[in-house]
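Peer 1:
There are 2 protein chains.
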Amino acid sequence: MKYSSTFSSSPCLLFIFLMIFFNSATATRFNIPRLSPIGGTILQELSGIVLQSHHSEHYKTFYYKQTLDHFNYRPESYSTFRQRYVINFKYWGGANASAPILAYLGAEAPLDGDIAGIGFLTDNAVRFNALLVYIEHRYYGKSIPFGSREEALKNASTLGYFNSAQAIADYAEILIHVKKQYHAEDSPVIVVGGSYGGMLASFFRLKYPHVALGALASSAPILYFDDITPHDGYFSIVTKDFREASETCYQTIRDSWSEIDKVASQLDGLSTLSKKFKTCNPLETTSELKNYLENIYASAAQYNRPPRYPVTVVCGGIDGEAFGSDILSKIFAGVFAYYGGNRSCYVNAPTNLSETTVGWSWQTCSEMVIPIGIENNTMFQADPFVLSEFINKCRAFYGVSPRPHWVTTYYGGHDIKLILQRFGSNIIFSNGLRDPYSSGGVLENISDSIVAVHTVNGSHCLDILPANKSSDPDWLVKQRKIEVEIIEGWIAKYYSDLKALN
Amino acid sequence: MKYSSTFSSSPCLLFIFLMIFFNSATATRFNIPRLSPIGGTILQELSGIVLQSHHSEHYKTFYYKQTLDHFNYRPESYSTFRQRYVINFKYWGGANASAPILAYLGAEAPLDGDIAGIGFLTDNAVRFNALLVYIEHRYYGKSIPFGSREEALKNASTLGYFNSAQAIADYAEILIHVKKQYHAEDSPVIVVGGSYGGMLASFFRLKYPHVALGALASSAPILYFDDITPHDGYFSIVTKDFREASETCYQTIRDSWSEIDKVASQLDGLSTLSKKFKTCNPLETTSELKNYLENIYASAAQYNRPPRYPVTVVCGGIDGEAFGSDILSKIFAGVFAYYGGNRSCYVNAPTNLSETTVGWSWQTCSEMVIPIGIENNTMFQADPFVLSEFINKCRAFYGVSPRPHWVTTYYGGHDIKLILQRFGSNIIFSNGLRDPYSSGGVLENISDSIVAVHTVNGSHCLDILPANKSSDPDWLVKQRKIEVEIIEGWIAKYYSDLKALN
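Given below as structure tokens:
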């Protein structure tokens, strides 16, 4: 298994689409997906921010001696590994004031990009007088058990400890440690996460209410498990996003798949397609191309955010191609536009697998079985999620089977309103309805304090990205304001409870 | 390691006192305690009930193919074992009526005694039209992983999976399975447990609110961890119980320890003591005798219930000894009375270790570190709980160290009112204040629906034992009535929520 240990991915941006790959009838050569193109474009876009706001002198890196297995007492369970967390002390009002702690719960990527990438913490640090804590997820970045990434990722025997229950137990231990370390036992902790990390944030509040007072769970598709959400939810929204941007663009994409099949069926068809799409290497199957395109459309929709709005960009390319051009030329023009024309070749460029790709592949093949399928009501060719096939592929690759019902067994999800309207408190589920993952999100208030805050035009994790005064639309500014005020309300109530009990 | 695989212990009755043994300066030969005498006497007392109300035709035994390790994906984690559960269908109102499920969560004993022993289920089955489900705790009874008890208990490598987090995950899986099996997805589940099982019940409601609507946690010392509860809480209440029963009895016991030391220091002192206490084998240390006596007093206090009231019985023996008798004759008279005089010898009778003794020894040496110590303000000789000593003993015996802070990390406990007053719902913490474990119980209401129901005169788990119309005092009848009405309130609210959402 190859992977890149140096690639540093940005937070919340890489909730990638392994399902597409695993799901497609013809699996890729590696049977696990290559890096999603989303990484490249988005990272470019964010790199300026990263460089600009990373004032490293305010951030201190620590390593916690973390227990390998919290739920077992075998001698091996007692192994430890160094887990990275980063603290910014600059804005903290201190333990005497019981000033709050904003804690970012790392997701399926190294922590490096999070300090600049999770604007919600830095943008609100002053307002909350908050200690900022960023914790890296086990098996990513510098938080690797078994001494090396190679050992850790070797097989199911070492990967077995790599799951969400262990990860949130890690977070509990570290947050308890940090509170003790700085005599901040009375400081309320608000956990923040996006996408998979948003799921972790909401799960953390539910499982560890004694550690976190509340959670901001951004774009967390906690209902995209079992059969709670229709499997086609994701690609239905991708389709809707494109259709809303441009009916002709949507039509062109919808017609393109059979056109690809038609060309491929001709003499030297794959070669023709390879030339048409300027592929880096000759195409071996049409699936290579189709997966690539699906992935671009999905990424464009998921991260369809200001100021660039990738769906508009792609459709601009497709619709802008000269009148009378053939369908595939239009499609390629969309790809070209998406990448801003700065690539020498497309589709199957040789690339290292990112940590996220490798790690998330394991996570989805063991615990996080998110059944994304494509049905006929989309602009894509149907490619339904078939659980048995998925299980077989995972078992073939890792030697162990996924546990597709474990997430709902451990965390719930079915009948969520019935269950949580009288249980739990202080969770914000934020979503942007243009984010395909919002189809598995919580979009209605569950109770007075387990609430949904969504925007019609928002995209994946948009609310927790850095604010940009010059380009953020009003609806986004308003969404963030609502979230901050809700959290302020939780903290105010907590202080009044604390006072009443002391 | 020896153990008895045939001994069947009664539910909720055997939350035994390993701490006494582990804690005492001179550990026993086996370094883990022998069977607590409480087992014998209580079982005799209950045996009539067991025979009388066990109408086996209404109970059906099932075995669930249970996952060995819910929180790991190593190939070994996928091993399964047969977990026993028992269902009584007779009183159930059925799935169409969404009739409730009362589920008893097994504790540190085989399930066999629970069907008759947990009266709360059978006594209220008609009233609730309830399906009764009893689930055995992993590593007890017939729910043994690794093929045999011998394998399962061999060492820390096989014992490692034996802990509360795995156990309540087992319960979640089985309850979800049962609901599915009988199309009872809408049936509210109320989990019931006593002592350690009571802790599990409250933890279960907190961790799996989507599986159980509410919990009756009887005599659950969930606050007897870390430093939340003073270490001397347990033996302070034992002392108080005896003092309230008889000041002279209390004085005699208080004076007896130095008297034992005095006699022991004389020529042939241990031999004199052996004769005095009719020991089954010659005493090797005074600790043998002292531990035995401490254990009788603790058991008498913990299970000081109608109609027998063992504390009164013991003090009757002590105080009833002829005027002018020496202290140790009085003490022996107390022992004699406690056992009803039907033993041929005392103190160190050869006995097999019960499953409970063996299992709970592991549980307290790994996860359930309950720091019970004896301080000077009691009728006992001081014997404080020293964590480092405890850890060393456990490590020497099992090869792995306890994790004394894990229970509060995973389940909470510190500042419980502050944490839970706005989080969670539907838990009854019931206690009898004469139960020494009530010192670690929740004795005040936390919120409208997380409530404490205690009785001044109650003992350990008394409320969930079978009702006895002829001998139950009014305060006990009232306590049970309150509990049932609270649970009816939860269920009524649930039905109205269910209706409103459908």
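Here the protein sequences line up with chains A and B, keeping their order.
Going by the numbering used here, the residue at position 172 of the first sequence is 172; the numbering climbs one at a time, nothing skipped.
Going by the numbering used here, the residue at position 383 of the second sequence is 885; the numbering climbs one at a time, nothing skipped.
The beta carbon of each residue, even a glycine, is placed where N, CA and C say it ideally should be.
Please read all numbers here as calculations on a predicted model, not as lab measurements.
1. Please determine, among B:S972, B:H639, B:N590, B:S801, the residue with the shortest C-alpha to C-alpha distance to A618 (chain B).
2. Using a Cβ cut-off of 7 angstroms (strictly closer), state whether A674 (chain B) contacts chain D.
3. Please classify K262 (chain A): is it buried, with 16 or more other beta-carbons within 10 angstroms of its beta-carbon, or exposed?
4. With a cut-off of 7 angstroms, does the C-beta of T312 (chain A) fall near any C-beta of chain B?
5. Between Q363 (chain A) and E108 (chain A), which are expected to be in contact by the criterion C-beta below 8 angstroms, what is the C-beta distance as a whole number of angstroms?
6. Write down every uninterrupted run of the beta strand (DSSP E) in the segment 417-491 of chain A whose length is 3 residues or greater and which is fully enclosed by it, in chain order.
7. Could you please give the first and the last residue of the uninterrupted beta strand (DSSP E) stretch that includes K65 (chain A)?
8. Compare the C-beta of Y587 (chain B) with all C-beta atoms of chain A and state if any pair is closer than 7 angstroms.
9. Given a cut-off of 7 angstroms, decide if R584 (chain B) and Y561 (chain B) are closer than it, judged by their beta-carbon atoms.
10. H572 (chain B): which of B:A605, B:W594, B:R640, B:G621 sits nearest, CA to CA?
11. Under a Cβ-count criterion, where at least 16 other Cβ atoms within 10 Å of its own Cβ denotes burial, should G550 (chain B) be classed as buried or exposed?
12. Which residue or residues does DSSP assign as beta-bridge partners of T866 (chain B)?
13. Going by DSSP, what residue range makes up the beta strand (DSSP E) through I637 (chain B)?
14. Could you tell me whether the Cβ atoms of V477 (chain A) and N124 (chain A) are closer together than 7 angstroms?
15. Can you give me the C-alpha to C-alpha distance between F204 (chain A) and K278 (chain A), rounded to a whole angstrom?
16. Measure the Cβ-Cβ separation of A172 (chain A) and V211 (chain A) and say whether it is below 7 angstroms.
17. Which of helix, strand or coil does DSSP assign to D734 (chain B)?
18. Using 10 angstroms around the beta-carbon of K499 (chain A), count the other beta-carbons present and answer buried if the total reaches 16, otherwise exposed.
19. Please name the residues in the segment 568-598 of chain B whose beta-carbon is closer than 9 angstroms to at least one beta-carbon of chain A, in chain order.
20. By a C-beta neighbour count over all protein chains shown, 10 Å radius and 16 as the cutoff for buried, is A165 (chain A) buried or exposed?
21. Quick one: does D497 (chain A) have its CB under 7 angstroms from some CB of chain B?
22. Considering only residues of the same chain and omitting the five flanking positions on each side of E823 (chain B), which have a CB-CB separation below 8 angstroms?
23. Does any C-beta atom of chain A lie closer than 7 angstroms to the C-beta of A994 (chain B)?
24. Can you look up N665 (chain B) in the DSSP assignment and give me helix, strand or coil?
25. Kindly identify the DSSP beta-bridge partner or partners of N793 (chain B).
26. Can you say whether D227 (chain A) is buried or exposed, counting buried as having 16 or more other CB atoms within 10 angstroms of its CB?
27. Taking the alpha-carbon of P576 (chain A) as reference, which of A:T286, A:Y73, A:H183, A:V189 has the nearest alpha-carbon?
28. Does the beta-carbon of T859 (chain B) have 16 or more other beta-carbons within 10 angstroms, so that it is buried, or is it exposed?
29. On the DSSP bridge assignment, give the partners of R845 (chain B) in chain order.
30. Is there contact between the segment 282-289 of chain A and the segment 405-422 of chain A, where contact requires at least three CB pairs shorter than 8 angstroms?
31. Rounded to whole angstroms, what's the CA-CA distance from D821 (chain B) to I739 (chain B)? Just pull it up for me.
32. Pull up the DSSP beta-bridge partners for R586 (chain B), would you.
33. Can you find the residues in the same chain that come closer than 6 angstroms, C-beta to C-beta, to S720 (chain B), ignoring five residues on each side of it along the sequence?
34. Mind checking E653 (chain B): buried by the 16 CB within 10 Å criterion, or exposed?
35. Per DSSP, I101 (chain A) forms a beta bridge with which residues?
36. Applying the 10 Å Cβ sphere with the 16-neighbour rule, what's the burial state of F380 (chain A)?
Peer 2: Reading off the structure:
1. Walking along the second sequence from the start, residue 618 (chain B) turns up at place 116. Measuring from the Cα of A618 (chain B), the nearest candidate turns out to be B:N590.
2. Protein chains A and B are contained in the structure displayed, whereas chain D is not.
3. The residue given as residue 262 (chain A) occupies position 262 in the first sequence. When all chains shown are included, K262 (chain A) counts as exposed.
4. To locate residue 312 (chain A), count along the first sequence from 1; it is residue 312. Not flagged as an interface residue toward chain B: T312 (chain A), since no C-beta distance is shorter than 7 angstroms.
5. Walking along the first sequence from the start, residue 363 (chain A) turns up at place 363. Walking along the first sequence from the start, residue 108 (chain A) turns up at place 108. A Cβ-Cβ separation of about 6 angstroms places Q363 (chain A) in contact with E108 (chain A) under the 8 angstroms criterion.
6. The qualifying runs are 427-432, 450-455.
7. For this step, residue 65 (chain A) is matched to residue 65 along the first sequence. 59-67 is the extent of the beta strand (DSSP E) around K65 (chain A).
8. The residue labelled residue 587 (chain B) in the question sits at position 85 within the second sequence. Contact with chain A is absent for Y587 (chain B), since none of that chain's Cβ atoms lies less than 7 angstroms from the residue's Cβ.
9. To locate residue 561 (chain B), count along the second sequence from 1; it is residue 59. To locate residue 584 (chain B), count along the second sequence from 1; it is residue 82. Result no, Cβ atoms of Y561 (chain B) and R584 (chain B) do not sit closer than 7 angstroms.
10. Stepping through the second sequence from its first residue, residue 572 (chain B) is reached at position 70. Here the closest residue by C-alpha is B:R640.
11. Taking the first residue of the second sequence as 1, we reach residue 550 (chain B) at position 48. Annotation note: pLDDT 40 at G550 (chain B) (below 50); position unreliable, coordinate value reported separately. G550 (chain B) is classed as exposed because its beta carbon has fewer than 16 other beta carbons within 10 Å across all chains shown.
12. On the second sequence, residue 866 (chain B) is found 364 positions in, with the first residue counted as 1. DSSP lists no partner for T866 (chain B).
13. Mapped onto the second sequence, residue 637 (chain B) falls at position 135. Unbroken beta strand (DSSP E) run through I637 (chain B): 633-637.
14. Residue numbering aside, residue 477 (chain A) sits at position 477 when the first sequence is read from its first letter. Residue numbering aside, residue 124 (chain A) sits at position 124 when the first sequence is read from its first letter. In this structure, N124 (chain A) does not lie closer than 7 angstroms to V477 (chain A) by Cβ.
15. To locate residue 204 (chain A), count along the first sequence from 1; it is residue 204. To locate residue 278 (chain A), count along the first sequence from 1; it is residue 278. Rounded to the nearest whole angstrom, the C-alpha separation of F204 (chain A) and K278 (chain A) is 46 angstroms.
16. Counting from one through the first sequence, the residue named residue 172 (chain A) turns up at place 172. Counting from one through the first sequence, the residue named residue 211 (chain A) turns up at place 211. Result yes, Cβ atoms of A172 (chain A) and V211 (chain A) sit closer than 7 angstroms.
17. Reading the second sequence from its first residue, position 232 is the one you call residue 734 (chain B). DSSP, reduced to helix, strand and coil, places D734 (chain B) outside both helices and strands of the structure shown, so it counts as coil.
18. Within the first sequence, numbered from 1, the residue matching residue 499 (chain A) stands at position 499. Residue burial annotation: K499 (chain A) is exposed, with fewer than 16 other C-beta atoms found within 10 angstroms of its C-beta.
19. Flagged, chain order: T569, D571, H572, F573, N574, Y575, R576, P577, E578, S579, Y580.
20. Within the first sequence, numbered from 1, the residue matching residue 165 (chain A) stands at position 165. Buried, because 16 or more other Cβ atoms sit within 10 Å of the Cβ of A165 (chain A).
21. Sequence index remark: in the first sequence, residue 497 (chain A) carries index 497 (1-based). It does; some Cβ of chain B falls within 7 angstroms.
22. Residue mapping note: residue 823 (chain B) aligns to position 321 of the second sequence, counting from 1. Taking E823 (chain B) as the centre and dropping the five residues before and after it, the same chain places the C-beta of S831, K832, A835 closer than 8 angstroms to its C-beta, in chain order.
23. Sequence index remark: in the second sequence, residue 994 (chain B) carries index 492 (1-based). For A994 (chain B), the answer is no, since every Cβ of chain A falls outside 7 angstroms of its Cβ.
24. As a position in the second sequence, residue 665 (chain B) is number 163, starting the count at 1. Correct three-state label for N665 (chain B): coil.
25. For this step, residue 793 (chain B) is matched to residue 291 along the second sequence. Note: N793 (chain B) sits in no beta bridge, so no partner.
26. Your numbering for residue 227 (chain A) matches position 227 in the first sequence. Note on D227 (chain A): under 16 other CB atoms within 10 angstroms of its CB, so exposed under the neighbour-count rule.
27. With chain A covering only 1 through 502, there is no way to say anything about residue 576 (chain A).
28. Numbered from its first residue, the second sequence carries residue 859 (chain B) at position 357. That one is buried.
29. Translated into positions along the second sequence, residue 845 (chain B) becomes position 343. According to DSSP, R845 (chain B) bridges with nothing at all.
30. With the cut-off at 8 angstroms, the segment 282-289 of chain A and the segment 405-422 of chain A do not touch.
31. As a first step, residue 821 (chain B) must be located in the second sequence, where it is residue number 319. As a first step, residue 739 (chain B) must be located in the second sequence, where it is residue number 237. Answer to the nearest angstrom: the Cα atoms are 20 angstroms apart.
32. As a working note, residue 586 (chain B) is residue 84 in the second sequence. Bridge pairing for R586 (chain B): B:Y565 [DSSP].
33. Taking the second sequence and counting its residues from 1, one reaches residue 720 (chain B) at position 218. Contacts found: G696, G700, S932, C963, D965, I966.
34. Looking up residue 653 (chain B) in the second sequence gives position 151. Answer is exposed; the Cβ neighbour count stays below 16.
35. What you label residue 101 (chain A) is simply residue 101 of the first sequence in a count that begins at 1. Looking at the DSSP output, I101 (chain A) bridges to A:L131, A:V189.
36. Counted from its first residue, the first sequence places residue 380 (chain A) at position 380. That one is buried.
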